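Chemist:
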Amino acid sequence: MPFSALIQENWPACLPDPEQLALPGALRREAGRHHFTEALNHLLKPISHPQLSDLADWACNESGSLHTSQISHLRNNKMRMLGTKSVDALGRLNQAAWIFQHRPELRDRLGTAALTPRIEAILEVFAPLLDPRTQLPLGSGEFLYLYLGYLRLPIEPPLVLDQKQKEQLAERIGIWLDQQLSARGLSFRDASSRIRLAWSGETAGADRLVRVISGLEDYSARDLAGEWERITATAAAVLERPLTPRSLAEELLGGGLEVGSSGAKTA
-2 MPFSALIQEN WPACLPDPEQ LALPGALRRE AGRHHFTEAL NHLLKPISHP QLSDLADWAC
58 NESGSLHTSQ ISHLRNNKMR MLGTKSVDAL GRLNQAAWIF QHRPELRDRL GTAALTPRIE
118 AILEVFAPLL DPRTQLPLGS GEFLYLYLGY LRLPIEPPLV LDQKQKEQLA ERIGIWLDQQ
178 LSARGLSFRD ASSRIRLAWS GETAGADRLV RVISGLEDYS ARDLAGEWER ITATAAAVLE
238 RPLTPRSLAE ELLGGGLEVG SSGAKTA
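Sequential numbering from -2 applies to the sequence shown in our numbering.
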């Protein structure tokens, strides 16, 4: 039952979904840790690890608020405990980004660092995580709720790829994109320009994709998995096709793919 329906049945809004409360504590916490990883991966779709780290420093007005190494460990589900500084930074940056996008008149009261062109560019593509109960941005408390398994977000299940599939995608993506761009009559120069405009994240990622398409470089399976969300979004924009990470992978691999579960390793 949706949480909104539970509230209408006089279930207190301050309490988690009773389905989560009914789980054994250890199972709930483990599921929460995996779902936290899924949420962080969702948060990182349009931006890179360094950009998220920069956004945390800006939001907290404090250097070293969220290191890229911490982001990597959290994203790959390698941290058994969530540090208070990390959860503080995630809540601050998520709420500050939402205020920047929806309530800019409040921005000067957030205690953030000065806004720079680099931070502004990141904020323009960043998509804050929202609490499904209120449709307001998650704060530090909600991120902790998420980690403990008391809160679930309506995010798409992750794409599950085994090592062989990652290697096949890494081998095929450059050739496939080259064929698709040529079929649309785009010159390499025009295509390169469009890719750089459509790419979200560091410009080095767009430059690398251009080199892969040209045949000058190849993705490793690991690098391909880390960039798959951005590659898909860029391909969808440049080719003007409604591609998703799953549909693009299925097109290149020629078949259906497994839907991710909480404990699965994802692309």
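All C-beta atoms in this analysis are idealised placements derived from N, C-alpha and C, irrespective of residue type, glycine included.
As the structure is a prediction and not an experimental result, all values here were calculated from the model.
Go ahead and pull the three-state DSSP assignment for L141.
Modeler: Helix, per DSSP.
Chemist: Would you kindly work out how many angstroms separate the C-alpha atoms of A201 and L141, rounded to a whole number?
Modeler: Going by the C-alpha atoms only, they are around 33 Å apart.
Chemist: Quick one: give me the first and last residue of the alpha helix (DSSP H) that D51 is part of.
Modeler: It spans H46 to C57 - the alpha helix (DSSP H) in which D51 sits, taken as one unbroken run.
Chemist: Cα-Cα, which of P242, S60 and R100 is closest to W225?
Modeler: Out of P242, S60 and R100, P242 has the C-alpha closest to the C-alpha of W225.
Chemist: Suppose contacts are defined by Cβ-Cβ distances below 7 Å. Is L107 in contact with S83 by that definition?
Modeler: No; because the gap between Cβ atoms is not below 7 Å, this pair is not in contact.
Chemist: For P134, write down the residues that DSSP places opposite it in a beta bridge.
Modeler: In DSSP, P134 forms a bridge with L127.
Chemist: If you draw a straight line from the C-alpha of L185 to the C-alpha of Q162, how long is it?
Modeler: Residue 185 is actually Phe in this sequence, not Leu. Computed Cα separation, rounded: 28 Å.
Chemist: Going straight from the alpha carbon of L103 to that of G212, what length do you get?
Modeler: Taking the straight line from one Cα to the other gives about 48 Å.
Chemist: What separation, rounded to the nearest whole angstrom, lies between the Cα atoms of R72 and A180?
Modeler: Near 37 Å, if we compare the C-alpha coordinates of A180 and R72.
Chemist: Please report the residue range of the alpha helix (DSSP H) in which H70 lies.
Modeler: Segment T65 to R72, the alpha helix (DSSP H) holding H70.
Chemist: From L174 to I210, what does the alpha carbon distance come to, in whole angstroms?
Modeler: Cα to Cα, the separation comes out at about 7 Å.
Chemist: Measuring alpha carbon to alpha carbon, tell me which residue in E164, R25, A230 and P129 is nearest L250.
Modeler: When only C-alpha atoms are compared, the closest one is E164.
Chemist: W8 to L37, Cα distance in whole Å?
Modeler: Going by the C-alpha atoms only, they are around 29 Å apart.
Chemist: Short check: CB of I44 to CB of I119, under 7 Å?
Modeler: Yes, the Cβ-Cβ distance between I44 and I119 is below 7 Å.
Chemist: Please classify A246: is it buried, with 16 or more other beta-carbons within 10 angstroms of its beta-carbon, or exposed?
Modeler: Buried, by the Cβ-count rule.
Chemist: Looking only at its chain, what residues have a beta carbon closer than 7 Å to the beta carbon of A167, apart from the 5 residues adjacent to it on each side?
Modeler: Hits under 7 Å: D215, Y216, S217, A218 and L221.
Chemist: Tell me whether L41 sits in a helix, a strand or coil according to DSSP, three-state version.
Modeler: If DSSP states are grouped into helix, strand and coil, L41 belongs with coil.
Chemist: Does T81 pass the burial test, meaning 16 or more other C-beta atoms within 10 Å, or should it be called exposed?
Modeler: That one is exposed.
Chemist: When the Cα atoms are used, what is the spatial distance from Q67 to P114?
Modeler: Distance between the alpha carbons of Q67 and P114: 25 Å.
Chemist: Of the residues L240, F33, A53 and G252, which one's Cα is nearest the Cα of L158?
Modeler: The shortest C-alpha separation from L158 is found at G252.
Chemist: Starting from the C-beta of H39, find all residues in its chain whose C-beta is less than 6 Å away, skip the five residues before and the five after it, and write them out in chain order.
Modeler: Excluding sequence neighbours, H39 sits near I152.
Chemist: Below 8 Å on the Cβ atoms is my contact criterion, and I expect G29 with L135 to pass it. Report the Cβ-Cβ distance as a whole number of Å.
Modeler: Going by Cβ atoms, the distance from G29 to L135 rounds to 14 Å, so no, they are not a contact pair.
Chemist: For A94 versus W55, is the C-beta spacing smaller than 7 Å?
Modeler: Cβ atoms of A94 and W55: not closer than 7 Å.
Chemist: Given a threshold of 16 other Cβ atoms within 10 Å of its Cβ, counted over all protein chains shown, does P15 qualify as buried or as exposed?
Modeler: Exposed: under 16 other Cβ atoms inside 10 Å.
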